[in-house]
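**Q**
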Amino acid sequence: MIIDAHAHIFPDKIAARAADGISSFYDMRVRFDGTVGSLLEINRKAGIDKAVVQSVATVPEQVHNINDFIAQQVTLHPDKLIGFGALHPDFPDIAGETERIVSLGLKGIKLHSDFQKFNIDDPKAFPIYEAAEGRLPILFHCGDSRYDYSDPKRLYNVMKRFPKLTVIGAHLAGWTKWDEAAELFSGGVIYADLSSSLYAMTPEHAAELIRKLGTKRVFFGTDYPMWDAVEELERFRRLPLTPEEQEDILARNVLRLLGEE
Numbered sequence: 002m003i004i005d006a007h008a009h010i011f012p013d014k015i016a017a018r019a020a021d022g023i024s025s026f027y028d029m030r031v032r033f034d035g036t037v038g039s040l041l042e043i044n045r046k047a048g049i050d051k052a053v054v055q056s057v058a059t060v061p062e063q064v065h066n067i068n069d070f071i072a073q074q075v076t077l078h079p080d081k082l083i084g085f086g087a088l089h090p091d092f093p094d095i096a097g098e099t100e101r102i103v104s105l106g107l108k109g110i111k112l113h114s115d116f117q118k119f120n121i122d123d124p125k126a127f128p129i130y131e132a133a134e135g136r137l138p139i140l141f142h143c144g145d146s147r148y149d150y151s152d153p154k155r156l157y158n159v160m161k162r163f164p165k166l167t168v169i170g171a172h173l174a175g176w177t178k179w180d181e182a183a184e185l186f187s188g189g190v191i192y193a194d195l196s197s198s199l200y201a202m203t204p205e206h207a208a209e210l211i212r213k214l215g216t217k218r219v220f221f222g223t224d225y226p227m228w229d230a231v232e233e234l235e236r237f238r239r240l241p242l243t244p245e246e247q248e249d250i251l252a253r254n255v256l257r258l259l260g261e262e
């Protein structure tokens, strides 16, 4: 079984605009249009069984609609999608919306502080962590040499203050700051995904980082629509990992965390 633990989807009418925005923000080519249909098709070609899907609320007014959209898509494709909800530090009823995320059957929360423009260790975000602690994992975009909002050190501060919070650090817990993140979070203290990381390092370096973070703590992810799942799986299979480690990372670790085994 293969799970893509990090994929973004958007309503058809805005998907192309959203994908263009991602491309402009990172000055990188985005491979697909961000629609659910496109995700399901590329996953079929790649042999991916399910994807964990989310979207980012860049402003608080988007939170409610995003959560409804993600829940709707999971309902339409229950055998193919697992949903994460969205929150924003400026949303007026974080506790109430967290309850609604749970009632909608969503399995976690996605935050991207570079898009949402807040430091992840800013006290204004603490109500999100308080609401999620012990209940829902939070997938944090983490790391970017151009911004300080999502620096791995800030995520480390959050984890120290909220020790019962289940944290997933996207992009091996520190995009463009991979080695720093691996030192901060070594020894199995964080979950992390491989999205938007394997393209930037050798297979040997990737395997070294994975082992520092813990092979039972890392998930395969593509960052759809950024990357082609077929190519990402090819990159993954070049890593010097044991068959058991590969199976853990491709599915078992994330299914265990989300109670989907």
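Residues in the sequence shown are numbered consecutively from 2, following the numbering used here. Note that beta-carbon positions come from the ideal geometry of N, C-alpha and C, so glycine has one too. The structure displayed is predicted, hence computed values, not measured ones.
(1) Looking only at C-alpha atoms, which of T99, R239 and V219 sits nearest to L256?
(2) Counting only runs of 4+ residues fully inside the stretch 92-160, write out the alpha helix (DSSP H) ranges in chain order.
(3) Please tell me whether I10 and Q74 are closer than 8 angstroms, where the distance is taken between their beta carbons.
(4) Roughly how many angstroms separate the alpha carbons of G135 and G188, rounded to a whole number?
(5) Just to confirm, are T223 and S196 a CB contact at a threshold of 8 angstroms?
(6) Less than 8 angstroms between the C-beta atoms of D13 and T36, yes or no?
(7) Taking the C-alpha atoms as reference points, what is the distance between D21 and Q247?
(8) If H172 and S146 are in contact, beta carbons under 8 angstroms, what's the gap, nearest whole angstrom?
(9) If you draw a straight line from the C-alpha of L107 to the C-alpha of V57, how long is it?
(10) Counting Cβ pairs closer than 8 angstroms, one from the stretch 228-246 and one from the stretch 86-94, do we hit at least three?
(11) Please list the segments of the alpha helix (DSSP H) lying wholly inside the stretch 212-243, counting only runs of 4 or more residues, in order along the chain.
(12) Would you say G144 faces chain C, with C-beta separation under 8 angstroms as the test?
(13) Under the three-state reduction of DSSP, which class applies to V37: helix, strand or coil?
(14) Please report the straight-line C-alpha distance between Y192 and S104, rounded to a whole angstrom.
**A** Taking the coordinates as given:
(1) V219
(2) 95-104, 114-117 and 127-133
(3) yes
(4) 21 angstroms
(5) yes
(6) yes
(7) 33 angstroms
(8) 12 angstroms between Cβ atoms; not a contact.
(9) 14 angstroms
(10) no
(11) 230-238
(12) The structure shown has no chain C; it contains just one protein chain.
(13) helix
(14) 24 angstroms
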